[in-house]
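Only one structure is covered here, and it is reproduced in the block below.
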Amino acid sequence: MAQFGSLSDRLTETFRNRRSKGRLSPSDVDGTVREIRRALLDADVALEVVKSFTAAVRERALSDEVNKALNPAQQVVQIVNEELVGILGGQQRRLEFAKRPPTVIMLAGLQGAGKTTLAGKLGKWLKKDGHTPMLVAADLQRPNAVQQLQVVGEQAGVHVFAPEPGNGVGDPVKVAKNAIKAAVDQQYDTVIVDTAGRLGVDAELMKQAANIRKAVDPDEVLFVIDAMIGQDAVATARAFQEGVDFTGVVLSKLDGDARGGAALSVASITGRPIMFASTGEGLDDFEPFHPDRMASRILDLGDILSLIEQAQQAFDEDEARKVAEKIASDSFTLNDFLEQMQQLRKAGSIKGMLGMLPGAKGMREALDNFDESEIVRTEAIIQSMTKQERELPKLLNGSRRLRIARGSGTTVTEVNALVNRFEQAAKMMKTVARGGVPQMPGMGPIPGMHGGKKKQQQGGAKKKKVGNPAKRAALASGAAAQPQQQTPQGSGFGFGGANAKNPKAPTEEEMQSLQKFLGR
Numbered sequence: 001m002a003q004f005g006s007l008s009d010r011l012t013e014t015f016r017n018r019r020s021k022g023r024l025s026p027s028d029v030d031g032t033v034r035e036i037r038r039a040l041l042d043a044d045v046a047l048e049v050v051k052s053f054t055a056a057v058r059e060r061a062l063s064d065e066v067n068k069a070l071n072p073a074q075q076v077v078q079i080v081n082e083e084l085v086g087i088l089g090g091q092q093r094r095l096e097f098a099k100r101p102p103t104v105i106m107l108a109g110l111q112g113a114g115k116t117t118l119a120g121k122l123g124k125w126l127k128k129d130g131h132t133p134m135l136v137a138a139d140l141q142r143p144n145a146v147q148q149l150q151v152v153g154e155q156a157g158v159h160v161f162a163p164e165p166g167n168g169v170g171d172p173v174k175v176a177k178n179a180i181k182a183a184v185d186q187q188y189d190t191v192i193v194d195t196a197g198r199l200g201v202d203a204e205l206m207k208q209a210a211n212i213r214k215a216v217d218p219d220e221v222l223f224v225i226d227a228m229i230g231q232d233a234v235a236t237a238r239a240f241q242e243g244v245d246f247t248g249v250v251l252s253k254l255d256g257d258a259r260g261g262a263a264l265s266v267a268s269i270t271g272r273p274i275m276f277a278s279t280g281e282g283l284d285d286f287e288p289f290h291p292d293r294m295a296s297r298i299l300d301l302g303d304i305l306s307l308i309e310q311a312q313q314a315f316d317e318d319e320a321r322k323v324a325e326k327i328a329s330d331s332f333t334l335n336d337f338l339e340q341m342q343q344l345r346k347a348g349s350i351k352g353m354l355g356m357l358p359g360a361k362g363m364r365e366a367l368d369n370f371d372e373s374e375i376v377r378t379e380a381i382i383q384s385m386t387k388q389e390r391e392l393p394k395l396l397n398g399s400r401r402l403r404i405a406r407g408s409g410t411t412v413t414e415v416n417a418l419v420n421r422f423e424q425a426a427k428m429m430k431t432v433a434r435g436g437v438p439q440m441p442g443m444g445p446i447p448g449m450h451g452g453k454k455k456q457q458q459g460g461a462k463k464k465k466v467g468n469p470a471k472r473a474a475l476a477s478g479a480a481a482q483p484q485q486q487t488p489q490g491s492g493f494g495f496g497g498a499n500a501k502n503p504k505a506p507t508e509e510e511m512q513s514l515q516k517f518l519g520r
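Numbering of the sequence shown is given in full-length UniProt numbering, commencing with residue 1 and proceeding in unit increments.
Structure, rendered in structure tokens:
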């Protein structure tokens, strides 16, 4: 995860060096606060935010709540976490919908901040939530802005109101007014107005945005800001707050931000909450902003709640129950395997979901090297099979596997590896479904667990019965004449009891004492 990457690394390293201490002295606290200050400044957090944040952390770290704690270092982490939640806005703020539809949401921000794409993301998110949104192309100055919004709206499956061609033609205030009337007539309950931006803050931009706001009286004005803007975020946010007076903030391009100073500065300085975050280029890479969860991500404490929510949206409970029944009845096929992979892809970026796990920063190299296109290749291999081959993988002989490899653009080796992995996984899932413990590849059966092979009878393999009665009697008499070999006494460590050949071996009394000492 790139979100707050460098800041998270610096903070986690600082706390890792303090966790070995049983008690934090004032000098330890000052050193910790100094490292936090440097980390925040390197992340482009505004200086006034850094000063207030570090002062609050130092005051609480030197108070009795830490001195009386069982683990002072963990208590300091908790203090930093709570203060981060505070400067990120405290509690999550949801959209406020109008009592009488349509609810009007106006987007404002600089050119290049990602307003047009975000309009499509917001529209798709609202549509999933049961609303009927409509996008309004009120950016009539940027070249091809209207066409871009139409393309984004088509991808999101959301209607776009675009009566003017744009490219400098048309009145954006008139378009916004007419859009409200059209939404009422066509029964759209939400209107998202995409306004024009500039390369910098200027009077003309503010005047146009203020006129649109006055004309449509929006329920929400969302200020879209590029999370990579750095220190300029403070000046830009203050200018828009004075000119337009937005009600909430949306962070765009958060996936490419290695510093995150904008997020930590805007909410604290303007007093307006961060409501949404754009975390990728896809229309589904959009999520409500939770200050507490984001603070946990920064401190590498994980974001399990968001991970669960993504999984619940992607996986169908009834479908999961059917798959479980198939696994238990040994009828799980490559078709089912393909459907499960496709549902996993719908949940979002696998790399992003793994990054929500606690301690994910420790496996950053593995996450960076994770190739999500491997899932696409696996899907291609399965889709190149016939329906019968997916149901019965045992039909896959050499010629069939060669055909599948050519059809999927892979090699026979990759096809073989997929089939082998599927067979192993199906066996393991079947064992687990029946209450057993699976045998991991490269490991023997787990002692004390059922499901392993039956022990062979003592004396080795079962001897075959000799057919000749005379020979059988001779063998029996010869075996009886041989002296029975005594089993050597000893332990499981590989040395036997004391005898003439091994005088230094421990005696029987010594072995009993050793077993008594070990509590056996």
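Beta carbons: idealized from backbone N, C-alpha and C, even for Gly.
Just so you know, these numbers come straight off a predicted model, no measurement behind them.
Check	Outcome
Taking ILE105 and GLU220 to be in contact with their CB atoms under 8 Å, please state how far apart those CB atoms are, rounded to whole angstroms.	5 Å
To which residues of the same chain is GLU83 closer than 7 Å at the C-beta, ignoring the five residues directly before and after it?	PHE53, ALA56, VAL57
Which runs of the alpha helix (DSSP H) at least 4 residues long sit entirely within the stretch 396–425? Give them in chain order.	398–408
Would you list the one or two residues that DSSP bridges to PRO101?	Bridge partners of PRO101: none, in fact.
Enumerate in chain order the residues of its own chain whose CB-to-CB distance from residue 562 is below 7 Å, with the five nearest sequence positions on each side excluded.	Summary: the structure shown does not reach residue 562, with the chain confined to residues 1 through 520, and so no result is reported for it.
Within 10 angstroms of the Cβ of GLN141, are there 16 or more other Cβ atoms? Answer buried if so, exposed if not.	buried
Hey, VAL158 and GLY109 are a contact pair by Cβ (cut 8 Å); roughly how many whole angstroms apart?	With 8 Å as the limit, VAL158 and GLY109 do not qualify as a contact, their Cβ atoms being about 20 Å apart.
Would you mind listing the alpha helix (DSSP H) stretches within the stretch 104–128 that are 4+ residues and don't spill past its ends, in chain order?	115–128
Which complete beta strand (DSSP E) runs does the stretch 148–220 hold, if anything under 3 residues is left out?	159–161, 190–194
Between the Cα of LYS128 and those of PHE286, PRO163, LEU395, spot the shortest distance and give me the residue it belongs to.	PHE286
Work out the CA separation of LEU396 and LYS427 for me, nearest whole Å.	18 Å
Less than 6 Å between C-beta atoms, sequence neighbours within five positions excluded: which residues of the same chain meet that for THR270?	ALA237, GLN241
Thinking C-alpha only, which one of LEU299, PRO163, PHE332, ILE375 is nearest MET341?	ILE375
When DSSP builds the beta bridges, which residues end up paired with GLN288?	In the sequence as displayed, the identity of residue 288 is Pro instead of Gln. The partner list for PRO288 (beta bridge, DSSP) reads PHE276.
Are three or more beta carbon pairs between the stretch 155–175 and the stretch 131–146 nearer than 8 Å?	yes
Thinking PRO291 and GLN91 are a contact (beta carbons under 8 Å), I'd like their distance in whole angstroms, please.	7 Å
For ARG213, which residues of its own chain have a beta-carbon under 7 Å away from its beta-carbon, when the five flanking residues on both sides are left out?	MET106, VAL221, VAL244
Tell me which same chain residues have a C-beta within less than 6 Å of the C-beta of GLU281, skipping the five on either side of it?	none
Given a threshold of 16 other Cβ atoms within 10 Å of its Cβ, counted over all protein chains shown, does GLY130 qualify as buried or as exposed?	exposed
Could you check what DSSP says for MET134 in three-state terms: helix, strand or coil?	strand
Taking the CB atoms as reference points, tell me whether ALA267 and ILE87 lie closer together than 8 Å.	yes
State the DSSP-derived secondary structure class of LEU41, mapped to helix, strand or coil.	helix
Beta-carbon within less than 6 Å of ALA405's beta-carbon, same chain only, minus the 5 sequence neighbours each way: which residues are those?	THR411, VAL412, VAL415
Counting along the chain, where does the beta strand (DSSP E) carrying VAL249 start and finish?	248–252
Who are ASP226's beta bridge partners in DSSP?	SER252
Can you tell me the Cα-Cα spacing of ALA182 and PRO133, whole angstroms?	12 Å
Using a Cβ-Cβ cut-off of 7 Å (strictly less than) and excluding sequence neighbours within five positions of LEU254, which residues of its own chain qualify?	GLN3, ALA227, ALA277, SER278, THR279
Along the chain, where does the alpha helix (DSSP H) containing LYS387 start, and where does it finish?	387–391
Taking only the alpha-carbon atoms, compute the straight-line gap between VAL33 and GLU339 and give it to the nearest angstrom.	50 Å
What is the DSSP secondary structure of THR333, counted as helix, strand or coil?	coil
Just the Cα atoms here: how many angstroms apart are LYS51 and GLN187?	50 Å
Looking at the unbroken alpha helix (DSSP H) that takes in ASP232, where does it start and where does it end?	232–243
Smallest Cα separation from ASP30: which of ALA61, VAL49, ALA39?	ALA61
Do you know how far the Cα of LEU135 is from the Cα of ALA156?	11 Å
Excluding five sequence neighbours on each side, which residues of the same chain lie with their C-beta closer than 6 Å to the C-beta of VAL85?	PRO291, ASP292, ALA295
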